[in-house]
Amino acid sequence: GGSDAAKRAAGESAAEAVEDGMVVGLGTGSTTAHAIRAIGRQVDAGLDIVGVPTSFQSRELAREAGIPLADLDEVSVDLAIDGADEVAGGDLIKGGGAAHAREKIVDASADRLLVVADPTKEAETLSHPVPVEVLSAARTTVAESVRELGGEPTLRQAERKDGPVVTDNGNLVLDCAFGDIDEPAALGRDLASLPGVVEHGLFVGLADEVHVGSEEGVTVREL
Ligand code: DER
31 GGSDAAKRAA
41 GESAAEAVED
51 GMVVGLGTGS
61 TTAHAIRAIG
71 RQVDAGLDIV
81 GVPTSFQSRE
91 LAREAGIPLA
101 DLDEVSVDLA
111 IDGADEVAGG
121 DLIKGGGAAH
131 AREKIVDASA
141 DRLLVVADPT
151 KEAETLSHPV
161 PVEVLSAART
171 TVAESVRELG
181 GEPTLRQAER
191 KDGPVVTDNG
201 NLVLDCAFGD
211 IDEPAALGRD
221 LASLPGVVEH
231 GLFVGLADEV
241 HVGSEEGVTV
251 REL
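Residues in the sequence shown are numbered consecutively from 31, following our numbering.
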């Protein structure tokens, strides 16, 4: 991944869009973590906002940062800030942190979604493996359907735990390599229609801005 300085520049740039009284969707991952910490500093300075976390990790980070929290079922989100594994134009592949089911609920419901990334995430065409959260019982049937769609599925194994990664929702993740994805919306529809699929990591047409940090500064792309 990109440098921490680049990620920090992106996260802090997006955090500047947070205004008093907002409900802010708090994404998952190391880039968004910089935005969460910056928002925590704004809260310390008197900003009156409420955060809606998208994972166990982002909830813990937000708590440490002192950001008041709310659940998605009690508020509507004005602004969401979230990272990505790959960005092509306004389309994203997300799910590197296996949090994309809750992220997509928050990101899609937000009035505005600001994506924070470093230059290593940018691509002309999406081609990163697409994380697909599946019910454990459906891992084999979904894997077979993914192959029929031209993908190569791999059950995501945990690092410091025997066996597969288990999501915050108690499900498994198939990382599905399709090569270049020329029609992300169509592939997203195909994946979403498979029985047992909880959520896939194609975020098509959801982003309003992309903040790309680097050691030199930040480029903001309006979409
Ligand atoms: O899981 C996700 O979608 C995260 O946003 C993630 O993929 C990006 O994480 P990073 O900012 O640590 O690269």
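Virtual Cβ for every residue (Gly too), placed ideally from N, Cα, C.
Quick caveat: nothing in here was measured; it's all calculated off a predicted structure.
Under the three-state reduction of DSSP output, I69 falls in the helix class.
Taken from the Cβ of K124, at least one heavy atom of the ligand DER lies inside 7 Å.
Secondary structure in the stretch 127-180: the beta strand (DSSP E) runs of 3 residues or longer, each lying completely within the stretch, are 142-147 and 160-164 in chain order. As summarised for the stretch 47-92, the continuous alpha helix (DSSP H) elements at least 4 residues long and confined to that stretch are 60-74, given in chain order. By the C-beta density criterion, K134 is buried, having at least 16 other C-beta atoms within 10 angstroms. Checking the DSSP bridge columns, you'll see E182 partnered with A207. Taking 8 Å as the upper bound for CB-CB distance, A95 and R67 are in contact here, some 6 Å apart. By a beta-carbon distance limit of 8 Å, R251 contacts V240. Their separation comes to about 4 Å. In this model, P214 and T150 are separated by some 20 Å (Cα to Cα). For G243, DSSP records a beta bridge to V248.
Collapsing the DSSP output to three states places D101 in coil. Bridge partners of E229 according to DSSP: E163. Within the same chain, I79, D108 and L109 come within 7 Å of M52 by CB-CB distance, once the 5 residues on both sides are set aside. Counting along the chain, the unbroken beta strand (DSSP E) around E116 starts and ends at E116 to A118.
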